[in-house]
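Residue numbers (this note's numbering): -13 to 236.
Yeah, the Cβ is synthetic: ideal placement off N, Cα and C, and Gly gets one too.
Just below is one structure, and these are the notes that go with it.
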C-alpha cells in the first residue's frame, strides 16, 4: 500500500507520522491512503491513475471526497474493518482539447472541467450534445461539465444542482450566461459534449480540468463515463449527510 500526504498540510504530516509505523500487511496491496484535502486527493489521482483504491482522510476543511478525521486508534480500527468499507466506482470525464495551433491535449476529470473566457471579452461558444448543435452561439463567461461527485464544487456555485455522488450523470452549467439564458442540463453519464470557441482570436478561452490549467483552446470534446477510479469510504461515512453539510456550509 501507499501513503500520500500533503507536505504543506501540518495535520497531514502529523497523521502520516502517527499512522505509518502502525499500518501492516493486512490492508489491500492496491490501497493508497491519502492524507490532505480534496485538492490533494485530485492531484494524487491524476498522478497515479486508476490502478489504486483511494482512501482519503480529511486533513483540511469539509472534504467531499474524503473520510472524516478521527483519533489515530479509532481510525486504525476503521481502516482494518474492510468488511464495512464502501467502494464507489467514480466515473471520470475524458477531455480532448485543441489549442489555437491545432495541438490536441487529452486529460481526465474526476470532479469537473470548464472552459472560460481568458480576456475581458465574453466567450462565444457553440455547444453540441451527442453530435447535435443545441446552442449556436452561447454568450457567457464559460461552461462547466461536472460529474455528480464534482457537482458540489464550481457547478453548484454557478447555479447548478448538487447531486448525490452515486448518480451516473454529467451536468452542464453555463457560467453567467447572457444570450441565451441556458439553464443547467443533466445528461446521461455516457453523453458527448462538443464545444467550439467562436471568434477565438478576439475572444480567447482556456480550459481547466480538476484545477489544472490546460491553456488556450478552440475546441473541446468531453466524454462521460470514462476510466473509473475506486474511492473507499469507511464505516460510518454517509455521503448524503456530507452532501447536506457541504450545502449548509457553502
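Discussion item. Bridge partners for residue 92 per DSSP, in chain order?
Written reply: Residue numbering aside, residue 92 sits at position 106 when the chain shown is read from its first letter. Beta-bridge pairing links residue 92 to 82.
Worksheet item: Thinking C-alpha only, which one of 188, 128 and -8 is nearest residue 46?
Response: Translated into the one-based positions of the chain shown, residue 46 becomes position 60. Residue 46 has its Cα closest to that of -8, out of 188, 128 and -8.
Worksheet item: Which residue spans inside the stretch 39 to 84 form an unbroken beta strand (DSSP E) run of at least 3?
Response: 39 to 44 and 72 to 84
Item to complete: Would you check if there are 3 or more beta carbon pairs closer than 8 Å linking the stretch 86 to 96 to the stretch 142 to 162?
Response: no
Worksheet item: Can we say the stretch 80 to 89 touches the stretch 199 to 219, given the rule of at least three CB pairs closer than 8 Å?
Response: yes
Worksheet item: For residue 227, which of helix, strand or coil comes out of DSSP?
Response: Residue 227 sits at position 241 when you count from the first residue of the chain shown. The answer is helix: DSSP assigns residue 227 an H, G or I state.
Discussion item. Taking the alpha carbon of residue 117 as the reference point, which residue from 177, 160, 217 and 227 has its own alpha carbon closest?
Written reply: Locating residue 117 in the chain shown gives position 131, counting from the first residue. Taking residue 117 as reference, the option from 177, 160, 217 and 227 with the minimal CA-CA separation is 177.
Worksheet item: Who are the near neighbours of residue 107 in its chain, counting only those whose CB is closer than 7 Å to its CB and skipping five residues on each side?
Response: Here residue 107 is taken as the residue at index 121 of the chain shown, counted from 1. The answer, listed in chain order, is 188 and 189.
Worksheet item: Between the C-alpha atoms of residue 132 and residue 230, what's the straight-line distance to the nearest angstrom?
Response: Here the question's residue 132 lines up with position 146 in the chain shown. Here the question's residue 230 lines up with position 244 in the chain shown. Taking the straight line joining both Cα atoms gives about 18 Å.
Worksheet item: Can you tell me whether residue 3 is buried or exposed, with buried defined as 16 or more other CB within 10 angstroms of its CB?
Response: Numbered from 1 along the chain shown, position 17 holds the residue referred to as residue 3. With fewer than 16 other Cβ atoms within 10 Å, it is exposed.
Worksheet entry | Residues bridged to residue 126 [DSSP beta-bridge criterion] | As a first step, residue 126 is located in the chain shown; it is residue number 140 there, counting from the start. BP columns for residue 126 point to 109.
Worksheet item: In the stretch 175 to 228, which residue ranges form an unbroken alpha helix (DSSP H) of at least 4 residues, counting only runs that do not cross its ends?
Response: none
Discussion item. Just to confirm my understanding: we take residue 127, look at its own chain, exclude 5 residues before and 5 after, and list those with CB closer than 7 Å. What are they?
Written reply: Your numbering for residue 127 matches position 141 in the chain shown. Cβ neighbours of residue 127 beyond the five flanking positions: 102, 103, 108, 109, 161 and 162.
Worksheet item: Where does residue 152 fall in DSSP's three states?
Response: Taking the first residue of the chain shown as 1, we reach residue 152 at position 166. DSSP places residue 152 in coil when its eight states are reduced to three.
Practice prompt. With DSSP collapsed to three states, give me the class of residue 103.
Written response: Taking the first residue of the chain shown as 1, we reach residue 103 at position 117. Note: residue 103 maps to strand in three-state DSSP.
Discussion item. Below 8 Å on the Cβ atoms is my contact criterion, and I expect residue 7 with residue -13 to pass it. Report the Cβ-Cβ distance as a whole number of Å.
Written reply: On the chain shown, residue 7 is found 21 positions in, with the first residue counted as 1. On the chain shown, residue -13 is found 1 positions in, with the first residue counted as 1. The Cβ separation is near 14 Å, so there is no contact.
Worksheet entry | Proximity of residue 36 and residue 112 at Cβ, strictly below 7 Å | Indexing the chain shown from 1 puts residue 36 at position 50. Indexing the chain shown from 1 puts residue 112 at position 126. Cβ distance not < 7 Å, so residue 36 and residue 112 don't count as in contact.
Worksheet item: Using CA coordinates, which residue listed in -1, 185 and 40 is at the minimum distance from residue 86?
Response: The residue given as residue 86 occupies position 100 in the chain shown. With distances taken between Cα atoms, residue 86 lies closest to 185.
Discussion item. Judging by CA-CA distance, which residue of 41, 130 and 89 is the nearest neighbour of residue 23?
Written reply: On the chain shown, residue 23 is found 37 positions in, with the first residue counted as 1. Closest option to residue 23, Cα to Cα, is 41.
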